[in-house]
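Below: the structure, in structure tokens.
Protein chains: 2
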Amino acid sequence: MNRLLCVALLACAACLAQTPDDAKPASTNVANAQYPRIHSDLSVTFQLKAPDARKVQVQVVGDKYDMTRAEDGTWSVTIPPQVPGFHYYTLIIDGVQVVDPASETFYGSFWESSGIEIPNNAEDFYQIKDVPHGEIRQFRYYSTVAQTWRRAFIYTPPDYDTNLKARYPVFLLLHGGGEDERGWFIQGKTDIIMDNLIAEKKAVPMIVVIDNMYAQKPGENSPMTMPVVTPGSVLRITVPPTYGEVVMKDLLPALDKHYRTLTDRDHRAIAGLSMGAAYAMQVGMSNLAAFSYFGSFSGTVMRDLNIETSYGGVFKNAAEFNKKCHLLFIAAGTAEQSRMDAANHARGELAKVGVKFVPFDSNGTAHEWLTWRRDLHQFAPLLFRN
Amino acid sequence: MNRLLCVALLACAACLAQTPDDAKPASTNVANAQYPRIHSDLSVTFQLKAPDARKVQVQVVGDKYDMTRAEDGTWSVTIPPQVPGFHYYTLIIDGVQVVDPASETFYGSFWESSGIEIPNNAEDFYQIKDVPHGEIRQFRYYSTVAQTWRRAFIYTPPDYDTNLKARYPVFLLLHGGGEDERGWFIQGKTDIIMDNLIAEKKAVPMIVVIDNMYAQKPGENSPMTMPVVTPGSVLRITVPPTYGEVVMKDLLPALDKHYRTLTDRDHRAIAGLSMGAAYAMQVGMSNLAAFSYFGSFSGTVMRDLNIETSYGGVFKNAAEFNKKCHLLFIAAGTAEQSRMDAANHARGELAKVGVKFVPFDSNGTAHEWLTWRRDLHQFAPLLFRN
Chain A
912 MNRLLCVALL ACAACLAQTP DDAKPASTNV ANAQYPRIHS DLSVTFQLKA PDARKVQVQV
972 VGDKYDMTRA EDGTWSVTIP PQVPGFHYYT LIIDGVQVVD PASETFYGSF WESSGIEIPN
1032 NAEDFYQIKD VPHGEIRQFR YYSTVAQTWR RAFIYTPPDY DTNLKARYPV FLLLHGGGED
1092 ERGWFIQGKT DIIMDNLIAE KKAVPMIVVI DNMYAQKPGE NSPMTMPVVT PGSVLRITVP
1152 PTYGEVVMKD LLPALDKHYR TLTDRDHRAI AGLSMGAAYA MQVGMSNLAA FSYFGSFSGT
1212 VMRDLNIETS YGGVFKNAAE FNKKCHLLFI AAGTAEQSRM DAANHARGEL AKVGVKFVPF
1272 DSNGTAHEWL TWRRDLHQFA PLLFRN
Chain B
912 MNRLLCVALL ACAACLAQTP DDAKPASTNV ANAQYPRIHS DLSVTFQLKA PDARKVQVQV
972 VGDKYDMTRA EDGTWSVTIP PQVPGFHYYT LIIDGVQVVD PASETFYGSF WESSGIEIPN
1032 NAEDFYQIKD VPHGEIRQFR YYSTVAQTWR RAFIYTPPDY DTNLKARYPV FLLLHGGGED
1092 ERGWFIQGKT DIIMDNLIAE KKAVPMIVVI DNMYAQKPGE NSPMTMPVVT PGSVLRITVP
1152 PTYGEVVMKD LLPALDKHYR TLTDRDHRAI AGLSMGAAYA MQVGMSNLAA FSYFGSFSGT
1212 VMRDLNIETS YGGVFKNAAE FNKKCHLLFI AAGTAEQSRM DAANHARGEL AKVGVKFVPF
1272 DSNGTAHEWL TWRRDLHQFA PLLFRN
């Protein structure tokens, strides 16, 4: 009897652990890859064939999960339901952090990481729809400052090639630390978000410039480092001046030459995510003659906002700033506490002196791409309305 | 004395095995990655920190090399000088084939592989130069055949946005088995090759359409399989008809609507590499009313060329075919014997009946991207001269 009960219990456990039938391969898998599979409750099953490995884990954002070895050498684990949107993840095989061979790769943290798109039943603003589509164009420009060819991706709106007399406002959009110009193109789904907004007439047709904010002059140290926060210390983001020079001396002139841009400050916006927020604020506020719309998405830099000293004291005269600045947009996700604290600090300081800004809180999302997709979706409609 | 000799020999061996000072990180590394490093003799040192791994190998194309563990858990190996050009490679960590975390990733064999660009001192046709640059544009089109949105990358020549009255010929360029529309964009360096050719006036300005040849109708089996060759068997490439329908019913109409194309057969070319050669020949020869220039780059399909039966017997009447076909280009690398044999078989059969063709042999290169970059560099100048 004991033995039978034991068998029954084992069978039941196996049943509970079984992959539900409704699971589907993630849209971020490479062709033919059946795993990772996402269940209807948004739990995810990962699987890897690794007969000779001694330990395999999957790490999704900050959480590590041990995978279990089956007799045939297949390792798997089902992890709890995930927040919708895009998450970077990796495998750890015998201690080495590597990309899941089943995943498309996405450039972040200065390497090509695995990533998984968790379906979002509540929002479809970044789903491709039957609307006119713009293009994303690879644009090569020579930087006299960095003395090298650089690459940007340029979103042109759907009517760009038919409305040939039109000139368009320009929105410069920056990636996060460890990412590059591919971030807003691939992870960010910029073209789909903009196509949908423009089709609904929620945003005006504009050119979105997705550039790489890392730039160095010959002999300069590489700016490509991830900030390290040691316990008890405070992260300070510093923005080297070179990229601002590239923007003003190389990028904007090249854009204005190659594309049908509007070239005055009333038709130029700049925003960035995370470390890109620091760059966007630094470049934007240092060049008020060139930009009039500003966005900080999940910017840690907001924690350091100081009315007296930030950006040469630009916020001190609120009336003057409000006249010059058509939009100051300060966003963070409610599940990224330090960035939300930073945003709230900046909002509080600005409110005290009467500087106008538009806050946006992305509900339930962390320091991740759904936060930034939502930021873009909220920010773009506010642009070029003056 | 024995002992001293032994130490001296060891020191000498260590000296020989030492990384020469002239080694540089590969251009295909991610930011900050110091390995793999390429030496002046084109030997390559790979390195990976993996203290807990028991066995680490690097596989470059078909060759596996054991890496050696240092005391600190760093594994490394220096492999013999490599042929210039682009090679896919992977690491094998305790039996699991994975991407080198130090490498950019490149979609091939239906996954995101590591890749390494070996410098080429003999040729610079795929190096970026100070010439006018065209764009590569992401183009989304809806396929009524496959009932899904599809993506192509479109190369537009440098004058496309200024020479607004001009219309351009169209060259449809297909990837290999296991690759996708990113192949010719990234690994192929199509825009740089075309920019350089156009700047030298060696090729006429044209639109190059880099599409994904995999297409399936709802309910159809996926065409995304790699052909398996068992010992003693002969590889037969079959091309399912769906992609040809997509080209004729969806892609060409969408291109002609969205871009300033020339739409007659005299201004349309089609070519592909490896399995893409089979697709290009099948789609092109089945639609002689739409295409008049044809290219097979490293096509295994050429081995099956039969004057009587291939493509409905299109080669049987050589005079008629020669009149219709402005170019039949048959290329292979001299270091890919089976494809060279295939090319030579086809050339022989065609010559027997008087069908005109242009052969090109890529000297010293295998079934790899330098072969195909050279093919493009040879093929494009021959286009649209009639």
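Sequence lines, in order, name chains A and B. Residue numbering for the first sequence follows our numbering, starting at 912 and increasing by one per position. Residue numbering for the second sequence follows our numbering, starting at 912 and increasing by one per position. For glycine and all other residues, C-beta sits at the position ideal for the given N, C-alpha and C. Please read all numbers here as calculations on a predicted model, not as lab measurements.
Excluding the 5 residues preceding and the 5 following B:W888 in the sequence, name in chain order all residues of the same chain whose CB lies nearer than 7 Å to its CB.
Because chain B is modelled from 912 through 1297, residue 888 of chain B falls outside the range shown and cannot be assessed.
Output the distance between the C-alpha atoms of A:G1275 and A:Q993, rounded to the nearest integer angstrom.
11 Å
Inter-stretch contact (C-beta, 8 Å, three-pair minimum) for the segment 1213 to 1229 of chain A and the segment 1160 to 1175 of chain A:
no
Start-end ranges of the alpha helix (DSSP H) lying completely within the segment 1005 to 1068 of chain A, minimum 4 residues
none
Could you give the DSSP three-state label for A:H998: helix, strand or coil?
strand
Give the C-beta separation of A:V1009 and B:V1009 to the nearest angstrom, bearing in mind that I take them to be a contact with Cβ-Cβ under 8 Å.
4 Å
With the cut-off set at 8 Å, would you say B:P1030 and B:I1148 are in Cβ contact?
no
N- and C-terminal bounds of the beta strand (DSSP E) containing B:F1232:
No beta strand (DSSP E) contains B:F1232, which is instead part of the alpha helix (DSSP H) from A1229 to K1235.
Collapsed DSSP secondary structure at A:Q945 in the structure displayed:
coil
Using a Cβ-Cβ cut-off of less than 8 Å, give me the residues of the segment 1022 to 1056 of chain A that come near chain B, in sequence order.
W1022, E1023, I1039, D1041, H1044, E1046, I1047, R1048, Q1049, F1050, R1051 and Y1053
Relative to the C-alpha of B:I1027, which residue among B:I1109, B:E982, B:T1001 and B:F1036 is closest?
B:T1001
Which residues mark the beginning and the end of the alpha helix (DSSP H) in which B:P1164 is found?
L1163 to H1169
Kindly confirm or deny that the segment 1109 to 1119 of chain A and the segment 1182 to 1192 of chain A touch, where touching means at least three C-beta pairs closer than 8 Å.
no
Can you find a CB in chain B that lies within less than 8 Å of the CB of A:I1118?
no
Of all Cβ atoms in chain B, is any one closer than 8 Å to the Cβ of A:M1135?
yes
I'd like to confirm the pairing. Which residues does DSSP put opposite B:F1082 in its beta bridges?
B:V1119 and B:A1180
Beta carbon of A:R1258: closer than 7 Å to some heavy atom of the ligand SAM?
This structure lacks the ligand SAM; in fact it carries no ligand of any kind.
Apply the 10 Å Cβ neighbour rule to A:L1287 and answer buried if 16 or more other Cβ atoms are within range, or exposed otherwise.
buried
First and last residue of the uninterrupted alpha helix (DSSP H) at A:L1287:
W1280 to F1290
In its own chain, which residues sit with a C-beta less than 7 Å from the C-beta of B:F1036, not counting the 5 before and 5 after it?
I1104, N1107 and H1288
Rounded straight-line distance, which links the Cα of B:M1135 to that of B:W1283:
21 Å
Can you give the Cα-Cα distance for A:E1015 and B:A1229, rounded to whole angstroms?
46 Å
7 Å CB neighbourhood of B:I1039 in its chain, flanking five on each side removed:
I1103
Give a yes or no on whether the C-beta atoms belonging to B:I990 and B:S954 are separated by under 8 Å.
yes
Start and end of the beta strand (DSSP E) containing B:I1218?
Per DSSP, B:I1218 belongs to no beta strand (DSSP E) and is neither H nor E.
Which whole runs of the alpha helix (DSSP H) in the segment 1232 to 1269 of chain B are 4 residues long or more, in chain order?
1248 to 1264
Compare the C-beta of B:Q968 with all C-beta atoms of chain A and state if any pair is closer than 8 Å.
no
Helix, strand or coil at B:V918 [DSSP, three-state]
Residue confidence for B:V918 is low, a pLDDT of 41 falling below 50, so the modelled location carries little weight; the figure read from the coordinates is stated next. In the structure shown, B:V918 sits in a helix (DSSP, three-state: H, G or I).
Proximity to A:N1297 [Cα-Cα], best of A:L1162, A:G1087, A:S1025 and A:R1179
A:R1179
Considering just the uninterrupted stretch of the beta strand (DSSP E) at A:Y1204, what are its terminal residues?
Y1204 to F1208
Using DSSP bridges, identify the partner residues of B:I990.
B:V955
Rounded C-alpha distance that separates A:V854 from A:Y1170
One cannot answer for residue 854 of chain A here, as it falls past the ends of chain A, which runs 912 to 1297.
Same chain only: Cβ atoms within 8 Å of A:L908, ignoring 5 sequence neighbours per side:
What the structure shows of chain A is the stretch from 912 to 1297, and residue 908 of chain A is not part of that stretch, so it cannot be assessed.
So what's B:Q968 in DSSP terms, helix, strand or just coil?
strand
CB-CB under 6 Å to B:G1019, same chain, minus the five flanking residues each way: which ones, in chain order?
Y999, G1089 and E1090
List the endpoints of the continuous alpha helix (DSSP H) containing B:Y1190.
M1186 to M1196
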